[in-house]
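Novice: Below you will find the structure I want to go over with you.
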Amino acid sequence: MISPPTEVPAPARVVTMILTMLTIAILAVFFTRRLHQVKSWTTLPVLNWLVLAIYVDSFFFVFFTGILSKAFSVNASAGFCDAAILLFISYMSTKILLYYFLVEKCYLIRSAGEPRRQSKLWLFNFFGVICPYIVLVVLMIVYRIAYMNKEGVCIIGMQRNALIPTIVFDVFLNVWLTTLFLQPLRDYYSYKQQSSSRLRNVVVRTFVGSCATLALSITNLTVIAILDGEPGYICLCLCNLDILCTTLILHWVSSVDAPEDNDVLSNARRIQNIATIRAASNSSTKPDLLEGAEKGVTLQVDIEFQSGSNDASARPQHE
Numbered sequence: 003m004i005s006p007p008t009e010v011p012a013p014a015r016v017v018t019m020i021l022t023m024l025t026i027a028i029l030a031v032f033f034t035r036r037l038h039q040v041k042s043w044t045t046l047p048v049l050n051w052l053v054l055a056i057y058v059d060s061f062f063f064v065f066f067t068g069i070l071s072k073a074f075s076v077n078a079s080a081g082f083c084d085a086a087i088l089l090f091i092s093y094m095s096t097k098i099l100l101y102y103f104l105v106e107k108c109y110l111i112r113s114a115g116e117p118r119r120q121s122k123l124w125l126f127n128f129f130g131v132i133c134p135y136i137v138l139v140v141l142m143i144v145y146r147i148a149y150m151n152k153e154g155v156c157i158i159g160m161q162r163n164a165l166i167p168t169i170v171f172d173v174f175l176n177v178w179l180t181t182l183f184l185q186p187l188r189d190y191y192s193y194k195q196q197s198s199s200r201l202r203n204v205v206v207r208t209f210v211g212s213c214a215t216l217a218l219s220i221t222n223l224t225v226i227a228i229l230d231g232e233p234g235y236i237c238l239c240l241c242n243l244d245i246l247c248t249t250l251i252l253h254w255v256s257s258v259d260a261p262e263d264n265d266v267l268s269n270a271r272r273i274q275n276i277a278t279i280r281a282a283s284n285s286s287t288k289p290d291l292l293e294g295a296e297k298g299v300t301l302q303v304d305i306e307f308q309s310g311s312n313d314a315s316a317r318p319q320h321e
């Protein structure tokens with residue numbers, strides 16, 4: 003026989019309330035700052051759209067979690083318990099947007115200037131990262147756990163049929179994205195140039211941020227798998243904490259992004275072309291010829307992107 007609903011412990015309510023207010027306040031500040039940086043919605047880069055989407059999606063999760071936890075209680079009834087697990091699944095939509103953000107970052111750094119549909123790396127990352135993760139979210143919906151135990155506590159989680167593949171896939175993502183960002187790190191620190199210092203900063207922050215966010219996701223899912231479900235208020239509290247940390251990391255990673263991507267693309271192409279020249283050169287290549295070729299590549303890339311920037315700025319005037 004199931005006992006009457008158990009009241010959520012007071013310390014848990016206090017911690018949840020603090021996390022909710024803190025996360026909403028931080029999201030509001032970051033979102034407002036992002037809006038102030040927007041000069042034109044029609045030319046806003048994909049990365050900026052993704053950052054705004056992550057902020058909005060995270061806000062709605064924290065907002066509705068706060069309503070469920072404060073106005074009602076996850077332990078109040080089986081219906082509220084079901085609502086809690088659905089909120090947990092919606093929390094995974096933030097992860098999908100975050101992974102898409104990392105895919106775009108990788109494309110920007112590794113395939114600068116190449117159209118997405120012609121970039122094998124972008125196509126592989128999109129169809130090999132985003133699409134499979136959507137399938138895993140569907141599995142979570144099918145194999146979700148939500149019930150009231152004998153003590154009247156709401157227990158939510160995922161069956162291991164869905165959790166184990168998700169954890170394994172997250173580990174694969176961690177290794178794969180780490181590998182993708184290590185190569186640019188080596189190139190940018192091997193060919194140190196003052197003009198590429200900002201791009202090196204972008205790569206370093208993206209590398210650290212991807213490792214941190216993926217580690218948070220793996221830890222959260224592993225705890226749920228080990229416990230085979232956990233009290234609803236604890237699960238939602240951990241998800242709230244995860245979103246808070248992810249938001250801070252995302253802001254730190256994206257704070258070095260310019261409103262336009264031309265400078266980053268220019269530097270990326272410059273470094274990639276110089277790396278190609280050095281890799282193709284043999285030991286007999288004269289240093290002065292190699293240096294001249296590198297300067298030629300740098301000048302050519304600068305002229306190309308300067309021309310593109312001028313065309314883009316002149317286009318609205320003709321319209």
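Here the working numbering is used: position 227 in the sequence shown is 229, and no number is missing along the way. Cβ atoms here follow ideal geometry from the backbone N, Cα and C, with glycine treated the same way. It should be emphasised that the depicted structure is a prediction, and the values quoted were computed from it without experimental measurement.
What's the gap between the Cα of R15 and the Cα of K41?
Specialist: Approximately 41 Å, taken between the alpha carbons.
Novice: State yes or no: is the C-beta of T248 within less than 8 Å of the C-beta of T224?
Specialist: Their beta carbons are not under 8 Å apart, which means T248 does not touch T224 by this criterion.
Novice: Beta-carbon within less than 7 Å of I132's beta-carbon, same chain only, minus the 5 sequence neighbours each way: which residues are those?
Specialist: Result list for I132: I98, Y101, Y102 and V105, in chain order.
Novice: Can you give the Cα-Cα distance for S315 and L46, rounded to whole angstroms?
Specialist: No answer about S315 holds up, because its pLDDT of 45 lies below 50 and its placement is not dependable.
Novice: For S95 and D59, what's the separation of their Cα atoms in angstroms?
Specialist: Distance between the alpha carbons of S95 and D59: 8 Å.
Novice: Quick one: what does DSSP say G159 is sitting in, helix, strand or coil?
Specialist: DSSP places G159 in strand when its eight states are reduced to three.
Novice: Would you kindly check if the distance between the Cβ of F171 and the Cβ of L141 is under 8 Å?
Specialist: Their beta carbons are not under 8 Å apart, which means L141 does not touch F171 by this criterion.
Novice: Between A85 and the rest of its own chain, which residues show a CB-CB distance below 7 Å, the 5 nearest in sequence each way excluded?
Specialist: Correct list, in chain order: L70.
Novice: For G231, is the classification buried or exposed, using 16 other Cβ atoms within 10 angstroms of its Cβ as the cut-off for buried?
Specialist: Burial call: buried.
Novice: Using the rule of at least 16 other Cβ atoms within 10 Å of the residue's Cβ for burial, across every protein chain shown, is I228 buried or exposed?
Specialist: The residue in question, I228, is exposed, as its Cβ has fewer than 16 Cβ neighbours within 10 Å.
Novice: Spell out a yes or no on whether the region 50-67 and the region 242-256 are touching, meaning 3 or more CB-CB pairs, one atom from each, closer than 8 Å.
Specialist: As far as the Cβ criterion goes, the region 50-67 touches the region 242-256, which means the pair count is three or higher.
Novice: Around the Cβ of M19, are there at least 16 other Cβ atoms within 10 angstroms (buried) or fewer (exposed)?
Specialist: Result: exposed.
Novice: Contact criterion: CB-CB distance below 8 Å. Does P167 meet it with respect to chain C?
Specialist: Here chain C cannot be found, since the structure has a single protein chain.
Novice: Looking only at DSSP bridge pairs, what is I147 linked to?
Specialist: Note: I147 sits in a beta bridge opposite G159.
Novice: What residue does the alpha helix (DSSP H) around S257 start on, and which one ends it?
Specialist: S257 -> no alpha helix (DSSP H), and no H or E assigned at all.
Novice: Considering Cα atoms alone, identify which of F62, P167, V76 and F90 is closest to Y135.
Specialist: Cα-wise, what sits closest to Y135 is P167.
Novice: Go through the region 37-114 residue by residue and report every complete run of the alpha helix (DSSP H) that reaches 4 residues or more, in order.
Specialist: DSSP runs (the alpha helix (DSSP H)) wholly in the region 37-114: 48-68 and 80-112.
Novice: Rank V31, L175 and G159 by C-alpha distance to the C-alpha of G130 and give the top, closest one.
Specialist: Among V31, L175 and G159, the Cα nearest to that of G130 is on L175.
Novice: Can you name the residues that DSSP bridges to E116?
Specialist: E116 is not bridged to any residue.
Novice: What is the DSSP secondary structure of P233, reduced to helix, strand or coil?
Specialist: Reduced to three states, the DSSP call for P233 is strand.
Novice: Assign A73 to one of two classes, buried (16 or more other C-beta atoms within 10 Å of its C-beta) or exposed (fewer than that).
Specialist: Classification of A73: exposed, given that the 10 Å Cβ count is below 16.
Novice: Of the residues M23, L88, R118 and E116, which one's Cα is nearest the Cα of I158?
Specialist: When only C-alpha atoms are compared, the closest one is L88.
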